[in-house]
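Before any comments, here is the structure.
Residue numbers (the UniProt record's numbering): 1 to 373.
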């Protein structure tokens, strides 16, 4: 029976603990054996509770459990929790308790746990193989120092005092017959300036903003055609305002945005070139201010519900409305104006020719590849 096996295991544990204490065994090993003994005692108590719950033995001819003196003693102490119709003096047949199968399953589980515990339980080892107790010594901390620490501090100070790099925009000088004399004069006054050819222009890169201003002053005095490049911080942000009436005033838009602390550079209303009508779409250029990104949070303008979106540039080359050349805008152009209709020295919008011209000729390549629009 499981209770007898557990009692035998518990007795062995007590003897092993006594031997270890007499022979001066390891404290950790004694502690583990005590823990194992507590486990066996717990199992013995559980088996006793199971026996009390199931009552007397159902086998009427069993002489081990149906001794008269033992049954009377159990009945007197109230160890029978339910009446089974069994009398210790009278051996008669009776019905098997309804919870007998549950009790057998519980005892089988105890047997399985005992087998696992016996397989993985601690074993007594000799003093030769037992681990020796070690005393942990409190050692003082080792002081360390970095003799290169002052160099690291100097590098941190240099990073803090390092000035931000200033972007100097380039100057694109138009290629002419006397460009060599112009470059000689610029190099003589500003020797650190670099020059590079790029698509019909000479890209002049000054060393500083002060040199750039002086070079521009010289080019303006000598009336040399040039195109300016913009620094990234100086380039305006382009947005599109939709859902306003087509006849809405651009001055009203500028005033409303100025009241909202935005700096307006320019406002243009888009048009349909085929129908020659104005669209309810306005292109607005804003200077880069700290609050410029808040423009997309605006959904109302002068009592109108509007929609503000970033400007989506078309995938084609930019054409200048001043000199009628490509890859730059009229805002940065310092060249002489040219008309794409008559090739005169004026802007196209100021040309006297208002009617449609057949068989247009390109003023840049002098071929008939111009758009009839």
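No residue lacks a Cβ here, since even glycine has one placed at the ideal position from N, Cα and C.
*Between which two residues does the alpha helix (DSSP H) containing residue 4 stretch?*
As a first step, residue 4 is located in the chain shown; it is residue number 4 there, counting from the start. Residues 2-22.
Next on the checklist: What ranges does the beta strand (DSSP E) occupy inside the stretch 310-372, keeping only unbroken runs of at least 3 residues that lie completely in it?
Outcome noted: none
From the beta carbon of residue 48, is the nearest beta carbon of chain D less than 8 Å away? As a matter of chain content, chain D is missing from the structure shown, which is built from one protein chain.
*Can you name, in chain order, every residue of its own chain whose Cβ lies under 7 Å from the Cβ of residue 277, other than the five neighbours on each side?*
Indexing the chain shown from 1 puts residue 277 at position 277. Here the set comprises 271.
Note to self: In this structure, how does DSSP classify residue 179 when only helix, strand and coil are distinguished?
What the structure shows: Position 179 of the chain shown holds residue 179. Of the three classes helix, strand and coil, the one that applies to residue 179 here is helix, per DSSP.
Could you check the C-alpha separation between residue 295 and residue 265 for me, to the nearest Å? Translated into positions along the chain shown, residue 295 becomes position 295. Translated into positions along the chain shown, residue 265 becomes position 265. For residue 295 and residue 265, the distance between alpha carbons rounds to 14 Å.
**Q.** residue 18 Cβ short of 7 Å to the ligand PLP heavy atom set
**A.** Summarising the ligand content, the structure contains no ligands, and the ligand PLP is consequently not present.
On the three-state DSSP scale, how would you describe residue 97?
Position 97 of the chain shown, counting from 1, holds the residue named residue 97. In this predicted model, residue 97 has a pLDDT of only 45, less than 50, meaning its place in the structure is not dependable enough to derive any value.
query: Using the beta-carbon count (16 or more within 10 Å), is residue 227 buried or exposed?
result: Locating residue 227 in the chain shown gives position 227, where the first residue counts as 1. It counts as buried.
- Excluding five sequence neighbours on each side, which residues of the same chain lie with their C-beta closer than 7 Å to the C-beta of residue 10? Here the question's residue 10 lines up with position 10 in the chain shown. Answer for residue 10: 37, 40, 41, 44, listed in chain order.
Is it true that the stretch 337-347 meets the stretch 317-329, where meeting means three or more beta-carbon pairs spaced less than 8 Å apart? yes
Inside the stretch 162-241 only - beta strand (DSSP E) runs reaching at least 3 residues: 171-174, 194-198, 201-205, 226-228
Mapping DSSP to helix, strand and coil, what is residue 298?
-> Residue 298 sits at position 298 when you count from the first residue of the chain shown. Coil at residue 298, not helix or strand.
At the level of alpha carbons, what is the spacing between residue 30 and residue 129? Taking the chain shown and counting its residues from 1, the one referred to as residue 30 is at position 30. Taking the chain shown and counting its residues from 1, the one referred to as residue 129 is at position 129. If you take the alpha carbons of residue 30 and residue 129, they lie about 15 Å apart.
Check your understanding: Alpha carbon to alpha carbon, how far is residue 290 from residue 241?
Key -> Here residue 290 is taken as the residue at index 290 of the chain shown, counted from 1. Here residue 241 is taken as the residue at index 241 of the chain shown, counted from 1. In a straight line, the C-alpha of residue 290 is about 20 Å away from that of residue 241.
Quick one: what's got a C-beta closer than 6 Å to residue 2's C-beta in the same chain, skipping five residues either side?
Residue numbering aside, residue 2 sits at position 2 when the chain shown is read from its first letter. Around residue 2: 47, 107, 110, 111.
- Message: Can you look up residue 43 in the DSSP assignment and give me helix, strand or coil?
- Response: For the purposes of this step, residue 43 is taken as the residue at position 43 of the chain shown. The answer is helix: DSSP assigns residue 43 an H, G or I state.
- Span separating the alpha-carbon of residue 224 from that of residue 342: For the purposes of this step, residue 224 is taken as the residue at position 224 of the chain shown. For the purposes of this step, residue 342 is taken as the residue at position 342 of the chain shown. In a straight line, the C-alpha of residue 224 is about 23 Å away from that of residue 342.
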